[in-house]
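Each remark here refers to the structure printed beneath this line.
Number of protein chains: 2
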Amino acid sequence: MTWVEIGPGEWPIGALPYGVFSTGGNRHLGVAIGRWVLDLHRAANVGLFKGVVEPDVLMGGSLNPLLARTPRVWDGVREHITELLSDPIHEPKVSPLLTELRDVQLHLSWQVGDFVDFYGSLQHAENLGRMLRPDSEPLMSNWRHIPVAYHERAGTVVVSGTDIRRPHGMVETADGVRFAPSQRLDIEIELGFVLGNPSDPGTLIRTASAHEHLFGVVVVNDWSARDIQAFESRPLGPFLGKSFATSVSAWVLPMAAVEAARVPPPPQEPEPAPHLRLADPWALDIGFDAWLKREGETPLRLSTTNASTLYWTAPQQIAHLTSNGTPIRAGDLIATGTISGDDPGSYGSLIEITGNGASAIQIGGRDSTFLEDGDEIVITAAAHLGGGSTASLGEVRGRVGMISPLP
Amino acid sequence: MTWVEIGPGEWPIGALPYGVFSTGGNRHLGVAIGRWVLDLHRAANVGLFKGVVEPDVLMGGSLNPLLARTPRVWDGVREHITELLSDPIHEPKVSPLLTELRDVQLHLSWQVGDFVDFYGSLQHAENLGRMLRPDSEPLMSNWRHIPVAYHERAGTVVVSGTDIRRPHGMVETADGVRFAPSQRLDIEIELGFVLGNPSDPGTLIRTASAHEHLFGVVVVNDWSARDIQAFESRPLGPFLGKSFATSVSAWVLPMAAVEAARVPPPPQEPEPAPHLRLADPWALDIGFDAWLKREGETPLRLSTTNASTLYWTAPQQIAHLTSNGTPIRAGDLIATGTISGDDPGSYGSLIEITGNGASAIQIGGRDSTFLEDGDEIVITAAAHLGGGSTASLGEVRGRVGMISPLP
Chain E
550 MTWVEIGPGE WPIGALPYGV FSTGGNRHLG VAIGRWVLDL HRAANVGLFK
600 GVVEPDVLMG GSLNPLLART PRVWDGVREH ITELLSDPIH EPKVSPLLTE
650 LRDVQLHLSW QVGDFVDFYG SLQHAENLGR MLRPDSEPLM SNWRHIPVAY
700 HERAGTVVVS GTDIRRPHGM VETADGVRFA PSQRLDIEIE LGFVLGNPSD
750 PGTLIRTASA HEHLFGVVVV NDWSARDIQA FESRPLGPFL GKSFATSVSA
800 WVLPMAAVEA ARVPPPPQEP EPAPHLRLAD PWALDIGFDA WLKREGETPL
850 RLSTTNASTL YWTAPQQIAH LTSNGTPIRA GDLIATGTIS GDDPGSYGSL
900 IEITGNGASA IQIGGRDSTF LEDGDEIVIT AAAHLGGGST ASLGEVRGRV
950 GMISPLP
Chain D
550 MTWVEIGPGE WPIGALPYGV FSTGGNRHLG VAIGRWVLDL HRAANVGLFK
600 GVVEPDVLMG GSLNPLLART PRVWDGVREH ITELLSDPIH EPKVSPLLTE
650 LRDVQLHLSW QVGDFVDFYG SLQHAENLGR MLRPDSEPLM SNWRHIPVAY
700 HERAGTVVVS GTDIRRPHGM VETADGVRFA PSQRLDIEIE LGFVLGNPSD
750 PGTLIRTASA HEHLFGVVVV NDWSARDIQA FESRPLGPFL GKSFATSVSA
800 WVLPMAAVEA ARVPPPPQEP EPAPHLRLAD PWALDIGFDA WLKREGETPL
850 RLSTTNASTL YWTAPQQIAH LTSNGTPIRA GDLIATGTIS GDDPGSYGSL
900 IEITGNGASA IQIGGRDSTF LEDGDEIVIT AAAHLGGGST ASLGEVRGRV
950 GMISPLP
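Protein chains in written order, with the numbering used here: chain E, 550 to 956; chain D, 550 to 956.
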């Protein structure tokens, strides 16, 4: 189906994820195929997209110009890339534009506009409610009525592989409130949606039209400093406990590549308000595995979870986000919130896995709760397309590798 | 002191605020002087900034390229503009670059990076605490330890004069939860700081160095839908109740123009943590007047308040914001939070002025609480420089002028 040689575990022709890479010089937009990246900048520059899209759209060193266009353009570009890589007639022109992935540096694929983090997993919301508010109902009274969310910091979204600094912050200790390195550094396994096809202010995007603004998916690790978050969050929500870093996978996998992973979402009770209702409900059967790698120890699988268990769906989140007239910009990012299933093996954060630090996990025969310096977290994800076929979303990895130079 | 004719109430040579304007064609960066705007794009293009700054910095149609530079460049550009407008030798070259303000359209002066809204007024936090949590201490236990804040939406920051749509949202009513136009549309009088001189990840910006990242000030109206906000905010803070719009003044007044308005801030008790301490504390004596204009009625002054009453200062807010290693980008915006003084005449929001809607204000002999369709809010601000001299920040205005076309 493609003239490119595809080895096992390499990017297939059905994936074609977008990324931004460099080989010492300028950043170029590219598409992964096999163990290669196709340089879209150079391809556009030599006229390979003539009649498909203006070359500028592929030559900005970022996905944003493409995100600013419509699904028709997205589809046209994807079809043309598929054609270039399928018909051997194109090989002489295209193969010089392939660079081995091991020879390139990957960068954040797009400039993030606004970043909204949802709280879409019922199990996660209940788990946190039980731990943090043991004397109340685990679920807040608004949770089943709206996809609860907050804005995170766009400027600290970093590409997979970026080392993560353990943040300092104001935390409450037995000795009072003090400024100290976080002792409760955590992960959150999430699915991210990269948005595009800008909408007009004052337009509610209907759930049935939400797909027109969903460009693709990324794997997200929403690093969280639980002690900083706990002290700061009332009454305006999380701020510095989250803003130090959010890691995303380098490759943005277009929605077209995960279309076949659509499955029915869990039932919703009560029925959502009319603008949040779904004529044709869909979730994505995307499985995640999170690994903790500690030097000298066997990697520990922390969680195996699945986005299909999320209560609130992406179309509902987009309808909610725009329901007050807020427009979508090219490059906005929404994340699902931590994905936790029913059993502890599918919890998406260490605070849940360890029962708020009460029950340690074992690594190399030693008790551990939150992240230690040097720990690396690797989250992989793959969409299940039916018939045993899968589409990889790649991975997001980050090491608690740098001690902050703060006081 | 300047060869430009300056009428009463017009922009003086000591102000020189930056703005972005157009006269039918492209957007150009400019500086206001008298009743004119000096076209910095054209000035740079004809070489008037040779030896001062690369022309590109002034020719992007946005303040961002200048924000990306250092205070040394900011000062150099400002000094040179002052020179161009002061020495009559420059008049022949410069006067053709002046356009009357009444002939230009003003735009948002810069692309907002991340937008953080603080909660810096003790009186405002206490007023809201008393109203919204009557059975608890008005102030949360964290409030005096950290400058509490949250991220707002950068993509819906709009320039003064932009009409504001009344947002729809999910609100709790006697009949249950429903999706409806907000009935409690409110204002928040705030001072905004436009940030620049990007910092490195992992760097805590000391309170004593914070001024190196403060480019200038704007007047902010942080429109708030109290009913939407009340239902959605637990536990992750405000989201759609704020994200529909935040208005800022068109002109960014450089810090140099308000330097002389520095006054001691209120005392802080307990003493802040070391990284939030101030060797040389300063607040800004900037007075605000907020007016409600309703068609056919005499404009009503809603509030006269002053930024010098704010408990948390901008240097502390920047130290806090970066204390977890978060870098500053060119174009980040921080806002002080609603500015409320001790007496009701100085409250910065309608929820405070009306006691959460319990005590109406009178307009044209009729009771009123929150904003009605057609209402226009105008907030003016001026820095008091000592000796009776003032520096205007201009105004931010917005009319609840468009009914949202949502269902």
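Just so you know, even glycine gets a beta-carbon here, dropped at the ideal spot from N, CA and C.
A straight line joining the alpha-carbon of residue 611 (chain D) with that of residue 794 (chain D) spans about 20 Å. Shortest Cα-Cα distance from residue 618 (chain D) to any of D:764, D:833 and D:806 involves D:764. Distance from the Cα of residue 858 (chain E) is smallest, within the candidate group E:613, E:679 and E:885, for E:885.
Close to chain E, meaning a Cβ-Cβ distance shorter than 8 Å, is no residue of the region 916-940 of chain D at all.
Under the Cβ criterion (8 Å, minimum of three pairs), the region 862-876 of chain D counts as touching the region 702-718 of chain E. Below 8 Å, too few C-beta pairs join the region 813-832 of chain D and the region 734-742 of chain D to call them touching: fewer than three. Where residue 871 (chain E) is concerned, the enclosing alpha helix (DSSP H) starts and stops at 863-871.
Contact fails between the region 686-696 of chain E and the region 908-920 of chain E, because fewer than three Cβ pairs, one in each stretch, are under 8 Å apart.
Non-local beta-carbon contacts of residue 801 (chain D) in its own chain, meaning distances under 8 Å to residues more than five positions away in sequence, involve 566, 567, 568, 612, 658, 659, 743, 764, 765, 766 and 767 in chain order. Within the same chain, Cβ atoms closer than 8 Å to the Cβ of residue 748 (chain E) are found at 754, 762, 871, 876 and 877, the five residues on either side in sequence being excluded. Residue-level contact check: residue 726 (chain E) touches chain D, since one or more beta carbons of chain D fall below 7 Å from its beta carbon. The criterion of a C-beta distance shorter than 7 Å is satisfied by residue 570 (chain E) and residue 653 (chain E). Residue 945 (chain D) is not a Cβ neighbour of residue 715 (chain D), given a cutoff of 7 Å.
Closer than 7 Å to the CB of residue 704 (chain D) there is at least one CB belonging to chain E. By the C-beta density criterion, residue 791 (chain D) is buried, having at least 16 other C-beta atoms within 10 angstroms. DSSP, reduced to helix, strand and coil, places residue 778 (chain E) within a helical segment of the structure shown.
Take residue 786 (chain D), set aside five residues on each side of it, and the residues of its chain with a beta-carbon closer than 6 Å to its own are 699, in chain order. Boundaries around residue 719 (chain D) are those of the beta strand (DSSP E), 717-722, since no alpha helix (DSSP H) includes it. Annotation: residue 556 (chain E) to residue 601 (chain E) spans about 30 Å, alpha carbon to alpha carbon. At least one beta carbon of chain D lies nearer than 7 Å to the beta carbon of residue 789 (chain E).
Of all alpha-carbon atoms in E:627, E:746 and E:897, the one lying nearest the alpha-carbon of residue 760 (chain E) is that of E:746. Between residue 776 (chain E) and residue 720 (chain E), the CB-CB gap stays under 7 Å. Excluding sequence positions up to five before and after residue 606 (chain D), its CB lies within less than 6 Å of the CB of 614 and 615, all in the same chain and listed in chain order. Contact fails between the region 662-682 of chain D and the region 668-680 of chain E, because fewer than three Cβ pairs, one in each stretch, are under 8 Å apart. Residues of chain D with a Cβ closer than 7 Å to the Cβ of residue 878 (chain E) are, in chain order, 704. Against chain E, a Cβ distance below 9 Å from residue 875 (chain D) picks out 702, 704, 705, 716, 789, 792, 793 and 794. A residue is called buried once 16 or more other Cβ atoms fall within 10 Å of its Cβ, and residue 641 (chain D), having fewer, is exposed. For a Cβ distance threshold of 7 Å, residue set 780, 781 and 783 of chain D lies close to residue 691 (chain E), ordered along the chain.
Counting only runs of 4+ residues, the alpha helix (DSSP H) found wholly inside the region 628-663 of chain D occupies 640-643, in chain order. Comparing C-alpha distances from residue 682 (chain E) to each of E:779, E:713 and E:709 shows the shortest one belongs to E:779.
With a cut-off of 8 Å on Cβ pairs, the region 813-821 of chain E is not in contact with the region 927-943 of chain E, counting fewer than three such pairs. Taking every protein chain shown into account, the CB of residue 676 (chain E) has 16 or more other CB atoms within 10 angstroms, so this residue is buried.
Listed along chain E, the residues sitting closer than 7 Å to residue 719 (chain D) by beta-carbon distance are 694, 695 and 822. Under the 7 Å criterion on CB atoms, residue 872 (chain D) is classed as interfacial with respect to chain E.
The three-state reading of DSSP puts residue 791 (chain E) in helix, counting H, G and I together. Collapsing the DSSP output to three states places residue 551 (chain E) in coil.
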